[in-house]
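Written below as C-alpha coordinates is the structure these notes are about.
In full-length UniProt numbering, the protein residues as written are 1 to 113.
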(Lines of atoms letter the chains of each structure in order from A and count residues from 1; the text may use other names and numbers.)
(Lines give C-alpha, C1' and ligand atoms only; values in the text may rest on other atoms or scores of the structure.)
Protein backbone atom coordinates (compact mmCIF):
# COMPACT_ATOMS: atom_id res chain seq x y z
CA UNK A 1 0.00 0.00 0.00
CA UNK A 2 1.35 3.40 -0.97
CA UNK A 3 1.56 5.96 1.83
CA UNK A 4 0.40 9.36 0.64
CA UNK A 5 1.30 12.69 2.12
CA UNK A 6 -1.16 15.54 2.16
CA UNK A 7 -0.36 19.23 2.03
CA UNK A 8 -2.02 21.11 4.89
CA UNK A 9 -2.08 24.36 2.88
CA UNK A 10 -4.01 22.70 0.07
CA UNK A 11 -6.43 21.03 2.50
CA UNK A 12 -7.06 24.26 4.42
CA UNK A 13 -7.55 26.19 1.19
CA UNK A 14 -10.11 23.63 0.03
CA UNK A 15 -11.96 23.95 3.34
CA UNK A 16 -11.81 27.76 3.38
CA UNK A 17 -15.02 28.06 1.36
CA UNK A 18 -18.43 27.46 3.01
CA UNK A 19 -19.82 25.69 -0.07
CA UNK A 20 -16.97 23.18 -0.02
CA UNK A 21 -17.33 22.66 3.73
CA UNK A 22 -21.04 21.92 3.24
CA UNK A 23 -20.18 19.39 0.53
CA UNK A 24 -17.71 17.71 2.91
CA UNK A 25 -20.34 17.65 5.66
CA UNK A 26 -22.86 16.06 3.29
CA UNK A 27 -20.35 13.45 2.14
CA UNK A 28 -19.72 12.61 5.79
CA UNK A 29 -23.17 10.99 5.70
CA UNK A 30 -22.25 8.90 2.66
CA UNK A 31 -21.53 9.05 -1.08
CA UNK A 32 -23.70 11.26 -3.26
CA UNK A 33 -24.09 12.09 -6.91
CA UNK A 34 -22.87 15.44 -8.20
CA UNK A 35 -26.42 16.52 -8.95
CA UNK A 36 -27.58 15.62 -5.42
CA UNK A 37 -24.67 17.56 -3.94
CA UNK A 38 -25.36 20.58 -6.16
CA UNK A 39 -29.12 20.68 -5.45
CA UNK A 40 -29.01 22.80 -2.24
CA UNK A 41 -26.87 25.50 -3.86
CA UNK A 42 -28.18 28.28 -6.05
CA UNK A 43 -25.31 28.32 -8.52
CA UNK A 44 -24.74 27.12 -12.03
CA UNK A 45 -23.38 23.60 -12.43
CA UNK A 46 -20.03 24.81 -13.91
CA UNK A 47 -19.48 26.95 -10.79
CA UNK A 48 -20.34 24.05 -8.52
CA UNK A 49 -18.00 21.77 -10.48
CA UNK A 50 -15.15 24.19 -9.76
CA UNK A 51 -15.74 23.58 -6.06
CA UNK A 52 -15.68 19.82 -6.60
CA UNK A 53 -12.47 20.15 -8.64
CA UNK A 54 -10.79 21.94 -5.73
CA UNK A 55 -11.98 19.29 -3.27
CA UNK A 56 -10.79 16.53 -5.57
CA UNK A 57 -7.40 18.13 -6.22
CA UNK A 58 -6.90 18.47 -2.46
CA UNK A 59 -7.72 14.74 -2.23
CA UNK A 60 -10.53 15.39 0.26
CA UNK A 61 -12.92 13.67 -2.12
CA UNK A 62 -12.71 11.31 -5.05
CA UNK A 63 -15.27 10.56 -7.72
CA UNK A 64 -16.33 7.53 -9.69
CA UNK A 65 -18.44 7.54 -12.82
CA UNK A 66 -21.01 4.86 -13.39
CA UNK A 67 -22.79 5.33 -16.68
CA UNK A 68 -23.90 8.95 -16.78
CA UNK A 69 -23.78 9.48 -13.02
CA UNK A 70 -20.69 10.78 -11.22
CA UNK A 71 -20.67 9.84 -7.53
CA UNK A 72 -18.51 11.62 -4.95
CA UNK A 73 -16.92 9.94 -1.94
CA UNK A 74 -15.22 11.43 1.10
CA UNK A 75 -11.54 10.59 1.65
CA UNK A 76 -10.92 11.03 5.40
CA UNK A 77 -7.14 10.57 5.15
CA UNK A 78 -6.16 14.22 4.44
CA UNK A 79 -7.84 15.27 7.67
CA UNK A 80 -5.05 13.53 9.59
CA UNK A 81 -2.54 16.20 8.50
CA UNK A 82 -4.83 18.88 9.95
CA UNK A 83 -5.44 16.89 13.10
CA UNK A 84 -1.68 16.52 13.68
CA UNK A 85 -1.05 20.23 13.14
CA UNK A 86 -3.92 21.23 15.42
CA UNK A 87 -2.69 18.86 18.15
CA UNK A 88 0.76 20.47 18.09
CA UNK A 89 -0.82 23.93 18.30
CA UNK A 90 -3.10 22.86 21.15
CA UNK A 91 -0.15 21.48 23.12
CA UNK A 92 1.88 24.60 22.55
CA UNK A 93 -0.89 26.92 23.70
CA UNK A 94 -1.81 24.79 26.71
CA UNK A 95 1.83 24.96 27.83
CA UNK A 96 1.93 28.73 27.33
CA UNK A 97 -1.34 29.26 29.18
CA UNK A 98 -0.14 27.09 32.07
CA UNK A 99 3.08 29.12 32.25
CA UNK A 100 1.07 32.36 32.24
CA UNK A 101 -1.18 31.00 34.99
CA UNK A 102 1.84 30.07 37.11
CA UNK A 103 3.41 33.48 36.57
CA UNK A 104 0.22 35.30 37.50
CA UNK A 105 -0.22 33.21 40.67
CA UNK A 106 3.39 33.89 41.71
CA UNK A 107 3.13 37.63 41.11
CA UNK A 108 -0.32 38.08 42.60
CA UNK A 109 -0.22 40.99 45.00
CA UNK A 110 3.32 42.11 44.05
CA UNK A 111 3.74 45.72 43.03
CA UNK A 112 6.07 46.68 40.20
CA UNK A 113 7.79 50.01 39.82
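Using N, Cα and C, we set each Cβ at its ideal position, and we do this for glycine too.
Restricted to the UniProt domain "HTH arsR-type" (1–96), the beta strand (DSSP E) segments that are unbroken, complete and at least 3 residues in length are 61–66 and 69–74, listed in chain order. Spanning the alpha carbons of residue 19 and residue 95 requires a straight line of approximately 35 Å. In the structure shown, residue 110 adopts coil according to DSSP, grouped into three states.
Residue 66 and residue 29 have their C-alpha atoms some 20 Å from each other. Taking a 10 Å sphere around the C-beta of residue 16, we find fewer than 16 other C-beta atoms and assign the residue as exposed. When 93, 68 and 55 are compared, the shortest CA-CA separation from residue 14 is found for 55.
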